[in-house]
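S.K.:
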Amino acid sequence: MPELPEVETVRDGLDRLVVGAVVRDVEVFRDYSVRRHDGGPAGFADQLRGRRLAAAVRRGKFLWLPLEDSGAALLAHLGMSGQLLVRDPAVAGDWAHPHLRVRLHLAGARSGAEYLDFVDQRTFGHLTVVDLEPTPDGAPGGLGSDLPAVPEPVAHIGRDPLDPAFDADAVVAAVRRRRTGIKRALLDQTLVSGVGNIYADEALWRARLHFARATDRLRPSEVRRALGAATEVMTESLAQGGTSFDALYVNVNGESGYFSRGLAAYGRAGEPCPRCGAPIRRDAFMNRSSYTCPVCQPRPRHGRW
Numbered sequence: 064m065p066e067l068p069e070v071e072t073v074r075d076g077l078d079r080l081v082v083g084a085v086v087r088d089v090e091v092f093r094d095y096s097v098r099r100h101d102g103g104p105a106g107f108a109d110q111l112r113g114r115r116l117a118a119a120v121r122r123g124k125f126l127w128l129p130l131e132d133s134g135a136a137l138l139a140h141l142g143m144s145g146q147l148l149v150r151d152p153a154v155a156g157d158w159a160h161p162h163l164r165v166r167l168h169l170a171g172a173r174s175g176a177e178y179l180d181f182v183d184q185r186t187f188g189h190l191t192v193v194d195l196e197p198t199p200d201g202a203p204g205g206l207g208s209d210l211p212a213v214p215e216p217v218a219h220i221g222r223d224p225l226d227p228a229f230d231a232d233a234v235v236a237a238v239r240r241r242r243t244g245i246k247r248a249l250l251d252q253t254l255v256s257g258v259g260n261i262y263a264d265e266a267l268w269r270a271r272l273h274f275a276r277a278t279d280r281l282r283p284s285e286v287r288r289a290l291g292a293a294t295e296v297m298t299e300s301l302a303q304g305g306t307s308f309d310a311l312y313v314n315v316n317g318e319s320g321y322f323s324r325g326l327a328a329y330g331r332a333g334e335p336c337p338r339c340g341a342p343i344r345r346d347a348f349m350n351r352s353s354y355t356c357p358v359c360q361p362r363p364r365h366g367r368w
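Residues in the sequence shown are numbered from 64 upward in steps of one, following the numbering used here.
Have a look at this one:
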């Protein structure tokens, strides 16, 4: 599933290429891709048609496009394979992606693009038009807009470390109140959003913390170190367009990210740790995997320290 750097790469592309455009028309090729929208495909199209895309906003892994003068937004959940592709038929021709699910016809895009396509091979993603509600703290709802509003389905999601309104002190205190492992806390999107399995492993490797370290036994400085490492690794990934392992994640131009080449721990079981040379260890974790260095990130002796 795309994590914060991948979604931010898409948000930045939308901000540069389609914000300000008006939705002329909407085609839904697969009803399931708008399954969360009240009113079905017809209602989805009706709420978008004639609306201007006012901004491209992100909180954590969630992405939305506020609709001008409507109090609503187009919310995109990319799932495991969803892509938002900006297309200019004058350049790319009339070719359509084989997994095209929804197409927005645009007018007045600054890039000259005429289509915003939602492509989704595995169909876990979806688009919906939802109401915006005020943020409890009065700060902007997410990166990309000054509007102090957030889509209702995103209201429970915590801010991410790249959000200017992120309150690190409050997050450190909240993490230490939990009785769980530090990786589970990093993956809890209500505490801190945007961090997924890949970047959690990379952040904990940098912070020299084992994923099973108990949050209520960590010092504030250790929690802060983990959050700082997550911020660092995601910022570095952003500079390279995110982490891509196959064609299922691309930016709005269909290009893949290259940060996978710089991963220190994730996916490197049996390979030498870049820091000490010990073989990277793979452990089962929440139906997935965790990758750690057994020397740099020693396991808690009894599951809790």
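Virtual Cβ for every residue (Gly too), placed ideally from N, Cα, C.
On a predicted model such as this, the values are computed, not experimentally measured, just so you know.
By Cβ distance below 8 Å, which residues in the same chain neighbour Ser256 in space, the five residues on each side in sequence not counted?
M.R.: Leu67, Arg122, Gly123, Lys124, Phe125, Ile220, Gly221, Arg222, Asp223
S.K.: Could you check if Ala275 is buried or exposed, using at least 16 other CB atoms within 10 Å of its CB as the buried criterion?
M.R.: buried
S.K.: Can you round the beta-carbon distance between Val70 and Leu141 to whole angstroms, since I take them to be within the 8 Å contact cut?
M.R.: Yes, they are in contact, since the Cβ atoms of Val70 and Leu141 sit about 7 Å apart, within 8 Å.
S.K.: Tell me which same chain residues have a C-beta within less than 7 Å of the C-beta of Tyr95, skipping the five on either side of it?
M.R.: Thr186
S.K.: Which whole-angstrom value is the C-beta distance of Ala327 and Glu265, which I expect to be below 8 Å?
M.R.: 6 Å
S.K.: Among the residues of its own chain, which have a CB less than 8 Å from the CB of Ala176, if the five just before and after it don't count?
M.R.: Leu80, Val81, Ala84, Val149, Arg150, Asp151, Leu169
S.K.: Could you name the residues that DSSP lists as bridge partners for Asp132?
M.R.: Answer by DSSP bridge pairing: none, since Asp132 is not bridged.
S.K.: Based on the DSSP output, what are the partners of Glu166 in its beta bridges?
M.R.: Correcting the residue type first, residue 166 is Arg in the shown sequence and not Glu. Bridge partners of Arg166: Glu90, Asp180.
S.K.: Can you give the Cα-Cα distance for Asp259 and Asp209, rounded to whole angstroms?
M.R.: Note that residue 259 is Gly in the sequence shown, not Asp. Straight across, the Cα-Cα distance linking Gly259 with Asp209 is about 26 Å.
S.K.: If you count every other CB in all the chains shown that lies within 10 Å of the CB of Trp158, and 16 or more means buried, which is it?
M.R.: Label assigned to Trp158: exposed.
S.K.: According to the neighbour-count rule (16 or more other Cβ atoms, all chains shown, within 10 Å of its Cβ), is Cys336 buried or exposed?
M.R.: buried
S.K.: Pull up the DSSP beta-bridge partners for Trp127, would you.
M.R.: Val120, Leu138
S.K.: Does the Cβ of Ser284 have 16 or more other Cβ atoms within 10 Å, making it buried, or fewer, making it exposed?
M.R.: Exposed: under 16 other Cβ atoms inside 10 Å.
S.K.: Verify whether the separation of the beta carbon atoms of Glu299 and Arg269 is less than 8 Å.
M.R.: no
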